[in-house]
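When we follow my numbering, the leftmost residue of the sequence shown carries the number 14, and every step to the right adds one.
Encoded as structure tokens, the structure appears first; notes follow it.
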Amino acid sequence: MTGAFDVAVIGSGFGGSLAALLARRAGRSVVLLERGSHPRFAIGESSSPLANLLLEELADRYDLPRIRPLSAWGTWQRTYPQVGCGLKRGFTFYGHEAGKPFRGAPDRSDQLLVAASPNDEVADTHWYRPDFDGFLAREAAAEGAEYLDRTAIAAITPGASGFDIEASRAGRALRLRARFVIDASGPGGALHQAFGLASTAFPDLPLTEGLFTHFENVRRLEEMGILPATGTPPYPPDDAALHHVFDGGWIWVLRFHNGVTSAGVAATPALARQLRLSEGAPAWRRLLDRLPTVRDQFANARPTLPFVHRPRLPFRSRTAAGPGWTLLPSAAAFVDPLLSTGFPLTLLGLARLGEAMRSDWGRPAFEQNLRRHETRTFLEVDASALLVSALYARFDDFPVFAALTHLYFAAASFAESARRLGRPALSGAFLSADHPTFGPALARCCRMALDGGDRDDVLAAVRQAVEPLDVIGLGDASRRNWYPVDPRDLHAAAHKLGATHGEIDAMLASMMPAETSVP
Ligand SMILES: Cc1cc2nc3c(=O)[nH]c(=O)nc-3n(C[C@H](O)[C@H](O)[C@H](O)COP(=O)(O)OP(=O)(O)OC[C@H]3O[C@@H](n4cnc5c(N)ncnc54)[C@H](O)[C@@H]3O)c2cc1C
14 MTGAFDVAVI
24 GSGFGGSLAA
34 LLARRAGRSV
44 VLLERGSHPR
54 FAIGESSSPL
64 ANLLLEELAD
74 RYDLPRIRPL
84 SAWGTWQRTY
94 PQVGCGLKRG
104 FTFYGHEAGK
114 PFRGAPDRSD
124 QLLVAASPND
134 EVADTHWYRP
144 DFDGFLAREA
154 AAEGAEYLDR
164 TAIAAITPGA
174 SGFDIEASRA
184 GRALRLRARF
194 VIDASGPGGA
204 LHQAFGLAST
214 AFPDLPLTEG
224 LFTHFENVRR
234 LEEMGILPAT
244 GTPPYPPDDA
254 ALHHVFDGGW
264 IWVLRFHNGV
274 TSAGVAATPA
284 LARQLRLSEG
294 APAWRRLLDR
304 LPTVRDQFAN
314 ARPTLPFVHR
324 PRLPFRSRTA
334 AGPGWTLLPS
344 AAAFVDPLLS
354 TGFPLTLLGL
364 ARLGEAMRSD
374 WGRPAFEQNL
384 RRHETRTFLE
394 VDASALLVSA
404 LYARFDDFPV
414 FAALTHLYFA
424 AASFAESARR
434 LGRPALSGAF
444 LSADHPTFGP
454 ALARCCRMAL
464 DGGDRDDVLA
474 AVRQAVEPLD
484 VIGLGDASRR
494 NWYPVDPRDL
504 HAAAHKLGAT
514 HGEIDAMLAS
524 MMPAETSVP
């Protein structure tokens, strides 16, 4: 089989299929190449407010009404109940000491709950990737992308007008030609290998290992009676990206509504060695033996798939674009699952590439856009890596860890609010890394945390850094680490967003189910 296309997309995870959809909407002919087939397990499941807003924006901008319902829990459940999904109302963190049950300090100094949405209807989601990615690949095919699964790429070489791709599918040779190649095949993927691209380390990030799988029968912490009895948390703590944090690593627990729970650990090399993480299930048991509360949570749990061990999680290519080709951010780099940065980084990259294909296809500006995409990708990825590195450095001191996360929550909620208010320029780069004062302040705080700075100094520096972008009350110590969505915070911070109170009310009203009014 032979064929010539404007765009070849390699990899049909959500990133590749969305890239194919955007290219189709830009009027391009597209081939979407996948080495496996759907449905298949994929890791990376927890979305975030910014990720969902970006998905919604892409759906609106590129006229993809069938994708839009997937940007919030309520519309997803009503429209596609058969596509697996989990409810994510926020980010829940519990700090653990090795060998001891979770303490549940009365002052909540060992926990942090940050609501991401005011209600279930507009809540974020965990994407059950076997369903979600399969759905998007079918959508890409339905929109005219030539979808070729079970396709093994043998060579990608520059040709007269683009790239020649040699591949095989079910024993048949494929010779394809594409003017533009988008690599959506994950870290160190197809183009990285075909072009022999160099990679580089994130300077401060430990070379973490990962171990993960899917389980059934994972208990809800709420039902275990170990959470503080006083007060009503901003949302049910299990309906969230649940993080168990401890010296040397952290565990994620993400519940889907189909009875499956995704869980895994990211661990520093020292802890991974102690646990012999590469051994899989026995290492998971050794890990839980150190964390009695988590062990109880998993007492009746059963893995539904074999454990996956990743001997090295972080990855950073040196290059993310060249003439006629580019890597999605998810192929250019991976930092850590912490803070769910993978999806928004990927979607921000998709938005950039979508615009380039739509507005500048065939013009010199197209290549300039690719270079700008590369610069922006690494600015955003490196800022994420610096923050995650600082968080790893302070896993052993939960209050400092929690304060450092405020840098993420401030930037993310500011960006989300700015975009919802129709001020995308204010939103800037991921983590506001290009903000004239916040960007350098974030870097300073992380450096202090990494270089062993005094904890009070770090806490004070973070408070000061966060204030200009804080629209969710992070600076209010009386919240004692529980941050609901409170309209009063947004009103008090309206000036930071250059918004009137009326605009804030309108934005909040759009986030409420019809029968609920803004207090
Ligand atoms: C342990 C872990 C946990 C994570 N958790 C989160 C999270 O909670 N939230 C978050 O936002 N991000 C998370 N991430 C990051 C997230 O996984 C990625 O951002 C996301 O998967 C990127 O999607 P993608 O479609 O671009 O690539 P992928 O999901 O990596 O999909 C790549 C596709 O390309 C195909 N492929 C690979 N090589 C080839 C080839 N040579 N030819 C053809 N096809 C090929 C694969 O089969 C696959 O279908 C996590 C990552 C890890 C490692």
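We treat Cβ as the ideally placed atom computed from N, Cα and C, and that holds for glycine.
Taking each of Ser-130, Ile-80, Arg-79 and Pro-114 in turn and checking the Cα distance to Leu-100, the smallest one comes out for Ser-130.
Distance from the CA atom of Gly-49 to the CA atom of Leu-149, rounded to whole angstroms, is 15 Å. Nearest C-alpha to Val-278 among Gly-57, His-139 and Glu-47: Gly-57. Ranked by Cα distance from Ala-369, the first of Leu-360, Gln-381, Leu-358 and Thr-359 is Gln-381. Approximately 5 Å separates the beta-carbon atoms of Leu-487 and His-419; this is inside 8 Å, confirming the contact.
For Phe-18, the beta-bridge partners assigned by DSSP are Ala-191.
Phe-225 and Ala-396 have their alpha carbons spaced roughly 26 Å apart. In the three-state DSSP reduction, Gly-157 falls in the coil class, being neither helix nor strand.
When DSSP reads this structure, Gln-206 sits in no beta bridge, so it has no partner.
The segment 347-384 contains, as complete alpha helix (DSSP H) runs of 4+ residues, the segments 355-372 (chain order). A direct Cα-Cα distance of roughly 19 Å separates Pro-82 from Ala-154. Residue nearest to Met-524 within the set Thr-213, Lys-509, Thr-513 and Asp-499 is Asp-499 (criterion: CA-CA distance). Beta-bridge partners assigned by DSSP to His-270: none are found. The C-alpha of Leu-34 lies about 10 Å from the C-alpha of Ser-42.
Looking at the backbone, the Cα of Ala-173 and that of Ala-183 are separated by about 28 Å. In this structure, DSSP gives Ala-425 a helical state, which the three-state scheme calls helix. Per the DSSP secondary-structure output, Thr-281 pairs with nothing in a beta bridge. The three-state secondary structure of Asp-410, taken from DSSP, is coil. Distance between Ser-59 and Arg-268, taken at the CA atoms: about 10 Å.
Annotation: Val-321 is outside any alpha helix (DSSP H); the continuous beta strand (DSSP E) that includes it extends over 321-323. Apart from sequence neighbours up to five positions away, the residues of its chain that approach Thr-221 with a beta-carbon distance below 8 Å are Gly-262, Ala-279, Ala-280, Thr-281, Pro-282, Ala-285, Arg-325, Leu-326, Pro-327, Asp-349 and Tyr-405, ordered along the chain.
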